[in-house]
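Position one of the sequence shown corresponds to residue 1 (full-length UniProt numbering), numbered consecutively onward.
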Amino acid sequence: MSQPTIVPNPSDIVTESPGASNPPDRPITRPPGRVGIARLFLTNRKATVGLTLLLVMIALALAAPVLFPGNPSLIGTYPVSLSPSASHWLGTTAKGQDVLALTLYGARPSLLVGFTVGAAATLVAALVGLSSAFFGRVLDDVLSLVTNVFLLIPSLPLLVLLAAFLPQGEATVMFVLVLTGWAGAARVVRSQALSIRSKDFVAACLVTGERPLRIMFSEMLPNMASIVMGTFLTSVIGAIGAQAGLEFLGLGDTATVSWGTNLYWASNDGALMQGQWWVFLPSGAAIAFVAFSLALVNYAVDEVTNPRLRAPRSARKEAA
């Protein structure tokens with residue numbers, strides 16, 4: 001005996017409107033690709049201002065030998081202790097040196113040390129953090145122990161101690177700053193890499209037999225671009241400030257011209273006590289200028305790579 005066929009009542013049938021699965025107040029948006037991220041970064045106001053200021057400082061540093069030929073540290077080249085004027089825009093020191101020339105020439109080693117230390121410290125932090133998260137087990141324990149040791153050691157006393165006993169020079173300053181500046185960033189990279197290590201695309205790479213270094217640096221590292229970039233920019237700012245601090249204490253090569261040595265000689269010559277503000281202010285302002293420009297770039301990276309920070313900016317553009 002066959003079962004009776006039940007015909008549904010048309011009024012009981014629930015129809016779904018075409019836009020029901022996608023409410024208008026919660027639109028589905030795809031995350032921007034690499035080209036989209038680059039476009040968003042270049043159109044970001046903070047990035048534009050920060051990069052412009054930084055490029056201006058780099059251009060002035062490169063043009064220093066053209067603007068001021070000769071050795072800027074020679075004593076007695078100009079009248080001593082002149083205040084800013086049309087002939088000397090930032091005045092002269094107690095030794096008869098042009099302060100503007102010292103500031104522009106001082107940018108060259110300071111920027112070189114800052115960007116070199118930033119790149120080296122970021123590379124070490126990325127290598128340690130990725131290796132610790134990817135391989136795990138014994139290697140993770142060993143690298144975590146080494147990282148914790150460097151985090152527990154006070155960085156300032158270690159900086160002063162190493163700089164005092166090692167030969168003076170830019171290479172020593174770079175080595176000391178890299179040695180004391182990678183541990184904190186390595187901890188952050190490891191934490192982020194642990195979450196990426198459990199993703200399906202990493203498991204797929206392991207199944208297909210990809211090499212560990214390729215997985216770490218070609219698959220995992222691009223997904224941490226914002227963290228790595230932030231680490232680099234922060235390391236550059238810290239390195240420039242730390243180098244200036246070491247040289248101000250007389251622990252650098254005082255024969256070279258840098259922002260730190262300019263402050264060191266200004267202090268030794270008693271510029272502050274004599275009210276010669278134009279001697280020490282330009283180098284300090286230059287350090288703050290570079291730090292401000294890099295901080296703007298860092299904020300722009302956060303806004304572009306963080307969807308929560310990027311959404312309000314997109315909403316403002318749509319409203320306009």
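Positions of the beta carbon are idealized from the N, C-alpha and C atoms, including for glycine.
Should residue i go down as buried or exposed, given a rule of 16 or more other Cβ atoms within 10 Å for buried?
i, result
"P109", "buried"
"G184", "buried"
"F201", "exposed"
"F134", "buried"
"I167", "The residue asked about is misnamed: residue 167 is Pro in this sequence, not Ile. So P167 ends up on the exposed side."
"N298", "buried"
"Q243", "buried"
"V138", "exposed"
"Q276", "buried"
"V207", "exposed"
"V142", "exposed"
"A126", "buried"
"M273", "exposed"
"T52", "exposed"
Give me, in chain order, the residues of the same chain whose beta-carbon lies closer than 8 Å to that of residue i; leave out the 5 immediate sequence neighbours on both sides.
i, result
"L112", "E170"
"R26", "Caution is warranted here: a pLDDT of 47 is assigned to R26, below 50, making its placement in the model unreliable, and the coordinate value is therefore given only provisionally. Same-chain partners within the cutoff: there are none."
"T92", "Y78, P79, V80, S81, L82, D98 and V99"
"V160", "L246, L249 and L251"
"A271", "T93, A94, W277, V279 and F280"
"R187", "G129, T147 and L151"
"I240", "S110, L111, V113, G114, W259, I287, V290 and A291"
For residue i, collect the residues of the same chain with a Cβ closer than 7 Å to its Cβ; drop the 5 residues on either side in sequence, then sort them by chain order.
i, result
"residue 395", "Beyond the ends of the chain as shown, which are 1 and 320, falls residue 395; an answer cannot be given."
"A61", "L104, A107, R108 and L111"
Would you mind giving the Cβ-Cβ distance between residue i and residue j, rounded to the nearest angstrom? I have them listed as a contact below 8 Å.
i, j, result
"G106", "V257", "5 Å"
"V236", "F115", "6 Å"
"S293", "L54", "4 Å"
"L102", "P72", "5 Å"
"N306", "S191", "Going by Cβ atoms, the distance from N306 to S191 rounds to 17 Å, so no, they are not a contact pair."
"M229", "V301", "5 Å"
"T180", "L158", "6 Å"
At a cut-off of 7 Å, is residue i close to the ligand GDP when judged by its beta-carbon and the heavy atoms of the ligand?
i, result
"V160", "The ligand content of the structure shown is nil, which means the ligand GDP is not present either."
Grab me the residues of residue i's own chain with a C-beta within less than 6 Å of its C-beta, minus the 5 sequence neighbours each way, in chain order.
i, result
"L156", "none"
"A94", "V80, S81 and D269"
"V178", "V117, A120 and A121"
"L296", "K46, V49 and G50"
"P84", "L90, G91 and W278"
"A266", "V279 and F280"
"T261", "E247 and T254"
"A163", "V176, L246 and L251"
Query raised in the report: At which residue ranges does the segment 131-208 contain complete beta strand (DSSP E) runs of 3 or more residues, listed in the order of the chain?
Result: Scanning the segment 131-208 from its first residue to its last, no whole beta strand (DSSP E) run of 3-plus residues comes out.
Report task. Mind listing, in chain order, the continuous alpha helix (DSSP H) runs of no fewer than 4 residues lying wholly within the segment 41-124? Result -> Within the segment 41-124, the complete alpha helix (DSSP H) runs of at least 4 residues are 45-62 and 64-67.
Requested in this report: Return the chain-ordered ranges of every alpha helix (DSSP H) run that is complete within the segment 242-290 and spans a minimum of 4 residues.
Outcome: For the segment 242-290, whole alpha helix (DSSP H) runs of length 4 or above, ordered along the chain, are 259-268.
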